[in-house]
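Number of protein chains: 2
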Amino acid sequence: MVEDLFEQACERLHNNDYKVTRQREIILYTFMANSARHLSAEDVFLLLKDQHSDIGLATVYRTLDILSELGVIHRNDFGDGKYRYEITNEDAHPHHHHLICLDCGSVAEFDDYLLESLEAQISKKNNFKVKYHNLKFYGYCQKCSEKT
Amino acid sequence: MVEDLFEQACERLHNNDYKVTRQREIILYTFMANSARHLSAEDVFLLLKDQHSDIGLATVYRTLDILSELGVIHRNDFGDGKYRYEITNEDAHPHHHHLICLDCGSVAEFDDYLLESLEAQISKKNNFKVKYHNLKFYGYCQKCSEKT
DNA sequence: CGTTAATTGAGAAAGCTTAATAATTAACCA
DNA sequence: TGGTTAATTATTAAGCTTTCTCAATTAACG
């Protein structure tokens with residue numbers, strides 16, 4: 000199952016004329032090992048620093064671009080000035096959206112089955128071909144609510 | 000009505016110990032005169048270039064921060080690397096969300112009355128105090144759909 | 001009006017991301 | 001299996017939006 004994700008990613012690289020390089024493999028494994036987190040480019044770079052200090056920051060950025068273009072990872076913008084990525088795994092963790100705490104910055108998740116019908120309505124009403132949507136709720140998580 | 004917006008904004012500045020300066024007035028008028036657009040800081044700066052070339056870019060940024068903090072304008076992030084602002088006018092143009100064309104970058108709008116109940120559900124289910132939400136649909140506008 | 005603290009303009013600096021380039025390497029084929 | 005070729009890489013510099021610094025200016029209050 001986990002291996003499937005890796006194999007699938009390599010296949011996508013191959014099918015799109017990208018080479019399966021050591022650096023790309025390592026970055027892929029990093030996302031698989033941190034599937035619960037939302038990693039920025041620098042997060043990834045720092046995670047590699049000990050074991051793979053030869054991998055440059057620019058390579059991390061380029062790899063994140065390619066992997067998100069291929070849908071292997073998903074790019075999020077939580078409004079904190081940097082993009083954050085998470086591995087895509089529709090089986091174990093289907094399409095979802097985010098709850099962002101305005102106080103501590105923590106990110107929780109919720110699934111979005113409720114949005115499907117809304118998307119159809121919007122498309123029809125506005126003559127707009129929706130490809131994807133993006134929904135974020137900002138507020139205060141339980142911990143931060145209790146603090147005050 | 001239009002004057003109300005201006006008066007209201009000045010009042011909010013005053014109530015929050017901000018001064019009503021010439022620069023802030025001019026930037027406010029710029030937003031009122033471009034209520035249909037989503038202006039970036041540089042857009043505003045360029046609009047002022049002819050008549051008010053003495054107003055610096057830093058002042059524009061600072062003013063946008065204050066006005067959006069006070070809710071006079073609203074800050075949008077359409078994912079193109081810069082923030083875009085529009086004047087808030089709940090009477091003439093109630094709370095709404097955006098349809099962003101992946102081809103030409105145009106931004107259309109739709110109202111969001113459908114989201115209110117979803118927000119309540121999310122709050123309850125996740126123990127998360129929602130303050131506001133942000134919904135964007137990405138896809139292709141009618142024009143760009145017809146091109147192909 | 002004079003005083004005072006906020007605001008301003010200009011330019012430097014920060015922070016994230018993207019090029020440029022010369023050296024390295026994955027992938028294909030003989 | 002080894003040679004060839006074009007993609008990929010590390011490093012460094014550069015780009016872009018936004019924020020900071022600071023001396024000079026100005027709005028607001030009495």
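So the protein lines, in turn, are chains C and Y.
Note that numbering that gives the first Met the number 0 numbers the first sequence so that position 143 is 142, with each residue one more than the last.
Note that numbering that gives the first Met the number 0 numbers the second sequence so that position 40 is 39, with each residue one more than the last.
Positions of the beta carbon are idealized from the N, C-alpha and C atoms, including for glycine.
Is the Cβ of residue i closer than 8 Å to any Cβ of chain Y?
| i | result |
| --- | --- |
| C:G160 | No statement about residue 160 of chain C is possible, as the shown extent of chain C runs from 0 to 147 and does not include it. |
| C:G138 | yes |
| C:I72 | no |
| C:E118 | yes |
| C:F127 | yes |
| C:S67 | no |
| C:S52 | no |
| C:Q141 | yes |
| C:L101 | yes |
| C:A32 | no |
If you follow the alpha helix (DSSP H) that residue i is part of, which residue opens it and which one closes it?
| i | result |
| --- | --- |
| C:E41 | 40-47 |
| C:A133 | According to the sequence shown, residue 133 of chain C is Asn rather than Ala. No alpha helix (DSSP H) contains C:N133, which is instead part of the beta strand (DSSP E) from 128-139. |
| Y:R21 | 21-32 |
| C:L98 | C:L98 -> not in any alpha helix (DSSP H); beta strand (DSSP E) instead, spanning 95-100. |
| Y:S67 | 56-68 |
On a CA-only basis, which of the options is nearest residue i? Give me that one, please.
| i | options | result |
| --- | --- | --- |
| C:I72 | C:L134, C:Q7, C:D79 | C:Q7 |
| Y:L101 | Y:I25, Y:C9, Y:C140 | Y:C140 |
| Y:V20 | Y:A32, Y:L66, Y:S39, Y:D42 | The sequence shown places Thr at residue 20 of chain Y, rather than the Val named in the question. Comparing Cα positions, the closest option is Y:L66. |
| Y:N75 | Y:L4, Y:Y28, Y:R36 | Y:R36 |
| Y:S34 | Y:L4, Y:N14, Y:L117, Y:I54 | Y:L4 |
| Y:K81 | Y:E115, Y:H51, Y:S122, Y:E41 | Y:E41 |
| Y:I26 | Y:S116, Y:D53, Y:K146, Y:N14 | Y:D53 |
| C:G78 | C:E89, C:I99, C:Y28 | C:I99 |
| Y:Y28 | Y:S105, Y:C9, Y:A107 | Y:C9 |
| C:E115 | C:F30, C:L63, C:L134, C:V106 | C:L134 |
| C:E89 | C:D16, C:G70, C:L63 | C:G70 |
Step through the CB atoms of chain C and report whether any lies within less than 8 Å of the CB of residue i.
| i | result |
| --- | --- |
| Y:H132 | yes |
| Y:L98 | yes |
| Y:D76 | yes |
| Y:K48 | no |
| Y:T123 | Reading the sequence as shown, one finds Lys at residue 123 of chain Y and not Thr. Cβ-Cβ to chain C under 8 Å: no for Y:K123. |
| Y:A40 | no |
| Y:L113 | yes |
| Y:K135 | yes |
| Y:A35 | no |
Hey, could you find the ends of the beta strand (DSSP E) residue i is sitting in?
| i | result |
| --- | --- |
| Y:R83 | 82-86 |
| C:I72 | 72-76 |
Touch check for the segment 77-94 of chain Y and the segment 104-111 of chain Y: three-plus C-beta pairs under 8 Å? yes
Just to confirm the assignment: which complete alpha helix (DSSP H) runs, minimum length 4, are found wholly within the segment 104-129 of chain C? 114-125
Three or more beta-carbon pairs under 8 Å between the segment 56-65 of chain Y and the segment 37-48 of chain Y, yes or no? yes
Would you call the segment 119-129 of chain Y in contact with the segment 127-145 of chain C, where contact means no fewer than 3 C-beta pairs closer than 8 Å? yes
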